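Chemist:
2 protein chains.
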Amino acid sequence: MNKPRILLIDDEEKIHQFISISLTAEGFEYLGCRDASSGLECFQNDKPNLIILDLGLPDIDGSAVLAMIRKIGNIPILVLTAREQSAEKVKLLNAGANDYLSKPFEIKELIARIKVLLRDIQYEPIPAELHFENLIIRTFEPMVFIKNTSIHLTKKEHQLLLLLAINPGVLISQKKILVAIWGEFHSGDSHYLRVLITHLRKKLKDDAEDPIYIKTEPGIGYRFIC
Amino acid sequence: MNKPRILLIDDEEKIHQFISISLTAEGFEYLGCRDASSGLECFQNDKPNLIILDLGLPDIDGSAVLAMIRKIGNIPILVLTAREQSAEKVKLLNAGANDYLSKPFEIKELIARIKVLLRDIQYEPIPAELHFENLIIRTFEPMVFIKNTSIHLTKKEHQLLLLLAINPGVLISQKKILVAIWGEFHSGDSHYLRVLITHLRKKLKDDAEDPIYIKTEPGIGYRFIC
DNA sequence: ATTAAACGTAAATTTAACGTAAATTTAGCG
DNA sequence: CGCTAAATTTACGTTAAATTTACGTTTAAT
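What follows is the structure in structure tokens.
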């Protein structure tokens, strides 16, 4: 496997210095950002395998960043916090953090926690393109190719297709899809999804009755068939 | 999905009391052991989905227990520790713990961490497929295979078959089945079940008179024979 | 032998879920 | 601001699943 890429979003230069050294020493690839907006950009462009996020950022509130990242993908996030309030911690974990460390912390503990997260979640980097028989799906931009003709997708259509196509043959539940794309789930929201599926199928020229790409599993979810 | 089962191994009765209350309130099933040896036994027999392990056990050293559990399976383990040494924590995480909490801790934080672990690791107590002579039953989706031809089941048919097939040879009472599938039970509801059994048998090409898969035990219930 | 209780199954009915078109609202951009 | 594309909401026809009804068959007890 490639070196896991780890993105540190923190405004303290000292933290960057000593974390980057330890990370590279441990065989990780280090990426660094000093504020939330460039951190989000880096997340989109460089596809890190894990994010270390400081909550006390200058531009955007850390928990907002957390929510934004969670909306896009399920990358493991380790939060650094100065506060030692237990209620705060609970909020963080519920908001989507996978773990946290209070400053000051020991670098060894940070490394250990990173390893645990990478081990448990078995995060695998996603290739730039997914190739299937007649279909190519770009993962960085909402575009697909069918027999070499390009088709533009909307952001949501793209997210949906990726979610399904990354797990070819696997049945993905409606709930999972709703959470992945809309961030939350209220029972009865599945009509959003039905419409989105229709739009996507239309663009892919897929027939719901006799699908080549997206198969409905009634009462449960959808499945990408290849 | 079934309630996640959580095993607490700790020698303090008070801890058991207030953790068990919170766990059940949060929809988990609580299992409790007071020492390491019975904890290990419970782990083997009851297949919990997560273990909360206190390090200060009377009989065996906690980290030895940790290692033993790790040897058998990759169930998430949350360690409780009185010590606050960072070096100790690192050792724990490297030894196979997925997370830890120092006593005293807030119960809310414990619950939050449990949820994160269960969410991330997506621990599946049941294997993805149950294999029998000529029959393969998918557990995540309503599909079975008989001699490599796939057969689609409805949700209820699938639930019923799983309930029976997870306990091969065991007689399951009608009442148990009704409760498991419909959530409640009113005497005289068994005709629902008879119809469902018929549907299922038809799809499995099973003959009620001379069954290969589902045997009727008149007056009591049904039994999966393999 | 007759009867009652329990079962199996076919068919009818009701309910839930899906797919799609069209209308409306929201968001991004010059 | 005004335009365009995207996202959401509404509405409705269609299909599949679940439930209900009805009835014939087996089994075991009187």
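Protein chains in written order, with our numbering: chain V, 1 to 226; chain L, 1001 to 1226.
Even for Gly, the Cβ is constructed at its ideal location relative to N, Cα and C.
All values reported here derive from a predicted model rather than from experimental measurement.
1) Would you verify that the beta carbon of residue 180 of chain V is, or is not, closer than 9 Å to some beta carbon of chain L?
2) In or out: residue 36 of chain V buried (at least 16 other Cβ within 10 Å) or exposed?
3) If the cut is a Cβ gap below 7 Å, which residues of chain V does residue 1141 of chain L touch?
4) Among V:107, V:128, V:179, V:134, which has the Cα closest to the Cα of residue 21 of chain V?
5) What's the gap between the Cα of residue 49 of chain V and the Cα of residue 167 of chain V?
6) Could you name the residues of the same chain whose beta carbon sits closer than 7 Å to that of residue 1014 of chain L, not counting the 5 residues immediately before and after it, in chain order?
7) Check the C-beta distance from residue 53 of chain V over to residue 40 of chain V and give it rounded, since I have them as a contact under 8 Å.
8) What's the gap between the Cα of residue 62 of chain V and the Cα of residue 1165 of chain L?
9) On the criterion of 16 or more Cβ atoms from any shown chain inside 10 Å, does residue 172 of chain V qualify as buried, or is it exposed?
10) Just the Cα atoms here: how many angstroms apart are residue 1103 of chain L and residue 1115 of chain L?
11) Can you tell which of V:99, V:75, V:202, V:110 has the C-alpha that lies nearest to the C-alpha of residue 1109 of chain L?
12) At 4 residues or longer, what runs of the alpha helix (DSSP H) sit wholly inside the segment 1097-1163 of chain L?
13) Alpha carbons only, please: which of L:1033, L:1055, L:1153 is nearest the one belonging to residue 1199 of chain L?
14) So is residue 157 of chain V buried or exposed if we call it buried at 16+ other beta carbons inside 10 Å?
15) Which first and last residues belong to the alpha helix (DSSP H) in which residue 179 of chain V is found?
16) Taking 9 Å as the threshold (C-beta atoms), are residue 160 of chain V and residue 146 of chain V in contact?
17) Taking C-beta pairs closer than 8 Å, name the residues in chain V that residue 1155 of chain L reaches, listed in chain order.
18) Strictly under 9 Å for the Cβ-Cβ distance: is residue 1124 of chain L near chain V by that measure?
19) Which residues in the same chain have their Cβ closer than 7 Å to the Cβ of residue 1003 of chain L, if we skip the five residues on either side of it in sequence?
20) Classify residue 1220 of chain L: buried if its beta carbon has 16 or more other beta carbons within 10 angstroms, exposed otherwise.
21) Can you tell me which of L:1192, L:1140, L:1080, L:1194 puts its alpha carbon nearest to the alpha carbon of residue 1007 of chain L?
22) From what residue to what residue does the beta strand (DSSP E) around residue 32 of chain V run?
23) What residue range is occupied by the uninterrupted alpha helix (DSSP H) comprising residue 1192 of chain L?
24) Can you check DSSP and say which residues form a bridge with residue 81 of chain V?
25) With burial defined as no fewer than 16 other Cβ atoms inside 10 Å of the residue's Cβ, what is the status of residue 1208 of chain L: buried or exposed?
Modeler: The short version:
1) Here residue 180 of chain V is taken as the residue at index 180 of the first sequence, counted from 1. Chain L, which has no Cβ nearer than 9 Å to the Cβ of residue 180 of chain V, makes this no.
2) As a first step, residue 36 of chain V is located in the first sequence; it is residue number 36 there, counting from the start. Its Cβ being crowded by 16 or more others within 10 Å, residue 36 of chain V is buried.
3) Position 141 of the second sequence holds residue 1141 of chain L. Under the 7 Å cutoff, chain V gives 171, 217, 220.
4) As a first step, residue 21 of chain V must be located in the first sequence, where it is residue number 21. For the residues V:107, V:128, V:179, V:134, the minimum Cα distance to residue 21 of chain V belongs to V:107.
5) By 1-based counting over the first sequence, the position of residue 49 of chain V is 49. By 1-based counting over the first sequence, the position of residue 167 of chain V is 167. Each residue's Cα considered, the two are about 18 Å apart.
6) Locating residue 1014 of chain L in the second sequence gives position 14, counting from the first residue. The answer is none, since no qualifying residue turns up.
7) Locating residue 53 of chain V in the first sequence gives position 53, counting from the first residue. Locating residue 40 of chain V in the first sequence gives position 40, counting from the first residue. Rounded, the Cβ-Cβ distance is 11 Å, inconsistent with contact.
8) The count along the first sequence starts at 1 and reaches residue 62 of chain V at position 62. The count along the second sequence starts at 1 and reaches residue 1165 of chain L at position 165. Whole-angstrom Cα-Cα distance: 48 Å.
9) The residue labelled residue 172 of chain V in the question sits at position 172 within the first sequence. The residue in question, residue 172 of chain V, is buried, as its Cβ has 16 or more Cβ neighbours within 10 Å.
10) Numbered from its first residue, the second sequence carries residue 1103 of chain L at position 103. Numbered from its first residue, the second sequence carries residue 1115 of chain L at position 115. The alpha-carbon atoms of residue 1103 of chain L and residue 1115 of chain L are separated by roughly 19 Å.
11) For the purposes of this step, residue 1109 of chain L is identified with residue 109 of the second sequence, where counting begins at 1. Out of V:99, V:75, V:202, V:110, V:99 has the C-alpha closest to the C-alpha of residue 1109 of chain L.
12) 1107-1121
13) Taking the second sequence and counting its residues from 1, the one referred to as residue 1199 of chain L is at position 199. Answer by Cα proximity: L:1153.
14) Residue mapping note: residue 157 of chain V aligns to position 157 of the first sequence, counting from 1. By the 10 Å Cβ count, residue 157 of chain V comes out buried.
15) One-based indexing of the first sequence puts residue 179 of chain V at position 179. Here the alpha helix (DSSP H) through residue 179 of chain V covers 174-182.
16) For this step, residue 146 of chain V is matched to residue 146 along the first sequence. For this step, residue 160 of chain V is matched to residue 160 along the first sequence. Not closer than 9 Å, so no.
17) Position 155 of the second sequence, counted from the first residue, corresponds to residue 1155 of chain L. Those within 8 Å of residue 1155 of chain L in chain V are 219, 220.
18) The count along the second sequence starts at 1 and reaches residue 1124 of chain L at position 124. Confidence in residue 1124 of chain L is poor, its pLDDT being 46 and thus under 50, which makes the residue's placement unreliable; the coordinate value appears in the next sentence. Not one chain V Cβ lies under 9 Å of residue 1124 of chain L.
19) Position 3 of the second sequence holds residue 1003 of chain L. For residue 1003 of chain L, where only same-chain residues beyond five positions count, the Cβ hits under 7 Å are 1027, 1028, 1029.
20) Here residue 1220 of chain L refers to the residue found at position 220 of the second sequence. Its Cβ having fewer than 16 others within 10 Å, residue 1220 of chain L is exposed.
21) Along the second sequence, read from residue 1 onward, the residue named residue 1007 of chain L stands at position 7. It is L:1080.
22) Residue numbering aside, residue 32 of chain V sits at position 32 when the first sequence is read from its first letter. Residue 32 of chain V -> beta strand (DSSP E) spans 29-33.
23) Position 192 of the second sequence, counted from the first residue, corresponds to residue 1192 of chain L. Here the alpha helix (DSSP H) through residue 1192 of chain L covers 1190-1204.
24) Counting from 1 along the first sequence, the entry for residue 81 of chain V is found at position 81. Residue 81 of chain V pairs with V:102.
25) Counting from one through the second sequence, the residue named residue 1208 of chain L turns up at place 208. Flag for residue 1208 of chain L reads exposed.
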